[in-house]
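Numbering (the numbering used here), first residue to last: 420 to 729.
Positions of the beta carbon are idealized from the N, C-alpha and C atoms, including for glycine.
Working notes for the structure below.
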């Protein structure tokens, strides 16, 4: 009996020890699992997550940079710039220069807006002004041709006004107004009351007027950007004779002018005498007859006195 009791006690002690060791092992395993899980999570948040976030941010930055580059390229190719050029040139023959400019304007697909001239030919005092509109793709070539055809270029400048932002804003406003117009037209079709119809018509007329103003401004900007404006100031100068001093040339010119003035004076005097004589011929004949009669009378009186004295 004691042996059996001893056996039971030993078995109970073994089972108890085994259970305690199993609980401690399971708790240690669960602790290890929790620690491992925490470590993985900390690794993901501390090591893997930042790497993935940096990579994602880098990809986003590259995409934004690429998109920005594409937008910039598109904007550069579609920019709206109004170009204006000013030229001040000296030429030898004003009329020939004007003819050449008109010909070049036509060849480059442009047209003359304004042309005027002042001064007298032959005295080196002709001044002129020409304003031409030239397609933007050809206006620099046109300017070069005009400069090469002149004897001297006193001024050459090109200025540009970027109106891209204004044009894009007008496009956006136009789209918005088109949408409003479309809605008002649909409301008008659905309106049943006269009061509603009148109110919609009033708003529609206002929107359509704004659309016309926007479209007109866009057309103006489009024309100004399609065709560049070239202002040309032209001054004619006489050709200088090589090898002759300017003072000598002036002296020779003055001599010729004085000679011509002298001849003109003599012609004027003789012409005046002829006019006077011919015009006064009746009076001169009458006076001549009277003078001749007086002379004959006085001569006869002298003859009588001489005969009496002898």
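Output needed for residue i: all residues of its chain with C-beta closer than 8 angstroms, excluding positions within five of it in sequence on either side, in chain order.
i: residue 670; result: none
i: residue 523; result: 561, 564 and 565
i: residue 685; result: none
i: residue 513; result: 536, 540, 545, 547, 653 and 655
i: residue 464; result: Any reading at residue 464 needs caution, since the residue's pLDDT is 39, under 50, leaving its predicted position unreliable; the model's value is listed next. Closer than 8 angstroms at the Cβ level, and outside the excluded window around residue 464, lies no residue.
i: residue 527; result: 553, 554, 557, 558, 560 and 561
i: residue 678; result: none
Do residue i and residue j have their C-beta atoms within less than 8 angstroms of each other?
i: residue 529; j: residue 552; result: yes
i: residue 538; j: residue 517; result: no
i: residue 509; j: residue 656; result: yes
i: residue 608; j: residue 626; result: no
i: residue 531; j: residue 521; result: yes
i: residue 570; j: residue 511; result: yes
i: residue 535; j: residue 568; result: no
Near residue i, what residues of its chain come up, given a Cβ to Cβ distance below 6 angstroms and the 5 sequence neighbours on each side ignored?
i: residue 440; result: With a pLDDT of 44 at residue 440, under the threshold of 50, the predicted position of this residue should be treated as unreliable, and no value is reported.
i: residue 533; result: 550
i: residue 650; result: 505 and 550
i: residue 709; result: none
i: residue 580; result: 501
i: residue 544; result: 538
i: residue 592; result: 633
i: residue 590; result: none
Let me make sure I understand the geometry here. Which of the options has the alpha-carbon closest to that of residue i?
i: residue 654; options: 502, 573 and 683; result: 573
i: residue 594; options: 637, 677 and 535; result: 637
i: residue 497; options: 569, 524 and 582; result: 582
i: residue 624; options: 639, 596, 613 and 640; result: 596
i: residue 555; options: 577, 545 and 722; result: 577
i: residue 604; options: 621, 677 and 719; result: 621
i: residue 499; options: 639, 598, 525 and 612; result: 639
Which residues in the same chain as residue i place their Cβ atom closer than 7 angstroms to its Cβ, once the five residues preceding and following it in sequence are excluded?
i: residue 558; result: 502, 504, 647 and 649
i: residue 610; result: 616 and 619
i: residue 712; result: none
i: residue 720; result: none
i: residue 606; result: 619
i: residue 722; result: none
Let me see if you follow: with CB-CB separation under 8 angstroms, is residue i close to chain B or not?
i: residue 693; result: Any reference to chain B falls outside this structure, which holds one protein chain only.
Does the pairing of the stretch 616-636 with the stretch 553-564 give three or more beta-carbon distances under 8 angstroms?
no
For the stretch 585-595 against the stretch 637-653, are there 3 or more C-beta pairs whose distance is under 8 angstroms?
yes
Minimum length 4: unbroken alpha helix (DSSP H) runs contained in the stretch 620-701
665-698
3-residue-minimum beta strand (DSSP E) runs that sit fully inside the stretch 502-578, ordered along the chain:
530-537 and 546-554
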